[in-house]
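Everything on this sheet refers to the single structure shown next.
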Amino acid sequence: MSVALLSVAAVALDALLGEPKRWHPLVAFGNFAGRIEQRFNAGGRGWRSHGVTAWVIAVLPLTLLATAFSWAPYVGWIVEILALYCALGMRSLGEHVAPVAAALRADDLDEARKRVGYLVSRQTNELDSNAVARAATESVLENGSDAVFAALFWFVVAGAPGVVLYRLSNTLDAMWGYRNERFERFGWAAAKIDDVLNYIPARLVALTYALLGKTRLALKCWRTQAPKWDSPNAGPVMAAGAGALGVELGGPAIYHGELHERPQLGEGAPADADSIDRGWQLVQRGVWLWLLMLCLGAEFYA
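The sequence shown maps to residues 375 to 676 in this note's numbering.
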């Protein structure tokens with residue numbers, strides 16, 4: 375079965391079922407990674423070498439296992455579909471952002487703050503409606519890149535092993551890749567590896583957002599604003615996405631009690647409930663575009 379058909383099947387499975395409700399492999403992996411971190415970074419005393427060792431122990435055996443299963447006769451294609459399905463978070467992303475927009479439309483700011491708190495790591499209990507909308511729209515654009523497009527990219531490049539390697543690495547970055555006293559040294563490897571794995575996908579996503587929205591503005595924002603962002607991959611994605619939507623994102627935010635003066639992203643109207651919905655629609659259109667291009671490419675090379 376071609377990679378295009380496998381990708382379509384996995385995306386359809388995610389759209390139909392969403393994330394596994396009772397037992398999600400990434401939840402089990404997160405628990406496993408937590409125990410590894412306790413072993414190699416007790417009290418935040420782990421060095422970079424400990425972080426590298428921990429990453430290898432957490433990621434490589436499962437990647438090799440995915441490789442072996444995907445090569446199995448008769449059932450390998452099923453493993454491929456399930457690997458991508460478990461790595462995708464498209465329907466889940468939509469299910470998390472829709473209640474934020476709904477709460478903002480109902481003028482229920484407390485509910486909107488609570489709901490957006492499920493999506494972002496910044497402090498949300500004092501956000502006004504515009505700040506809530508900015509946080510949710512940023513999350514849609516960035517998580518669309520990390521949890522959907524990058525997973526598809528690595529699946530196309532290397533099948534089940536590629537998507538497993540990427541998704542586990544991305545999960546470790548979310549757990550260990552913080553610049554604080556506990557993870558500054560230990561989490562260095564997880565953060566850098568995730569940056570490398572997301573470098574090409576992030577720029578393809580930024581281009582996708584630009585093509586499907588206000589293209590000239592998106593490219594301008596990507597060129598001028600992304601270099602000012604502290605993340606080499608989130609910057610292009612969110613700057614291009616904000617420009618494509620014609621909305622103003624970025625600005626100050628409080629993380630773990632500390633105020634971060636972030637640069638502006640995008641240009642245009644203030645963020646609101648509609649910008650959240652339009653951001654989600656941008657992600658969806660981008661996925662269908664990628665799948666269409668895969669299918670056309672498969673037909674061309676057949």
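From the three backbone atoms N, C-alpha and C, an ideal C-beta is built for every residue, glycine too.
From residue i to residue j, what distance separates their C-alpha atoms?
i: M549; j: K594; result: 33 Å
i: N415; j: F523; result: 32 Å
i: L668; j: G392; result: 22 Å
i: H424; j: F560; result: 6 Å
i: Y540; j: R465; result: 19 Å
i: V401; j: C460; result: 11 Å
i: E555; j: E411; result: 14 Å
i: Q685; j: L571; result: Within the shown structure, residues of the chain are numbered from 375 to 676, placing residue 685 beyond reach of any answer.
i: D502; j: A643; result: 16 Å
i: Y629; j: P435; result: 34 Å
i: A446; j: V430; result: 24 Å
i: Q497; j: G631; result: 7 Å
i: F527; j: P575; result: 6 Å
Please classify residue i as buried or exposed, where buried requires at least 16 neighbouring CB atoms within 10 angstroms.
i: T511; result: buried
i: M375; result: exposed
i: S495; result: exposed
i: E635; result: exposed
i: W562; result: buried
i: W662; result: exposed
Could you give the residue range of the alpha helix (DSSP H) that holds residue i?
i: G491; result: 483–491
i: V611; result: 608–619
i: E454; result: 450–461
i: G464; result: For clarity, residue 464 is Met in the given sequence; the question names Gly instead. It spans 464–479 - the alpha helix (DSSP H) in which M464 sits, taken as one unbroken run.
i: W550; result: 524–550
i: A580; result: 562–586
i: K594; result: 589–599
i: Q412; result: 399–414
Excluding sequence positions up to five away, which residues of its chain have a Cβ less than 7 Å from the Cβ of residue i?
i: A477; result: E485, A486, R489
i: A507; result: L478, A645, D646, A647, S649, I650
i: G420; result: F414, R559, F560
i: L591; result: G617, G620, E641
i: N499; result: R487
Near residue i, what residues of its chain come up, given a Cβ to Cβ distance below 6 Å and the 5 sequence neighbours on each side ignored?
i: G450; result: S444
i: R350; result: Residue 350 falls outside the range modelled here, since the chain spans only 375 to 676, and no answer is possible.
Over the uninterrupted beta strand (DSSP E) stretch that includes residue i, give me the two end residues.
i: A627; result: 627–629
i: E632; result: 632–634
i: G640; result: 638–640
Can a CB atom of chain B be found closer than 8 Å to the CB of residue i?
i: P606; result: In the structure shown, chain B does not exist; there is a single protein chain.
- Message: If contact is defined by three or more beta carbon pairs under 8 Å, each pair taking one atom from either stretch, is the region 580–589 in contact with the region 532–541?
- Response: Short answer: they don't touch.
- Item | Inter-stretch contact at 8 Å, needing at least 3 Cβ pairs: the region 454–471 / the region 383–401 | Touching, yes.
- Between the region 600–612 and the region 457–471, are three or more C-beta pairs nearer than 8 Å? At 8 Å Cβ cutoff, the stretches do not touch.
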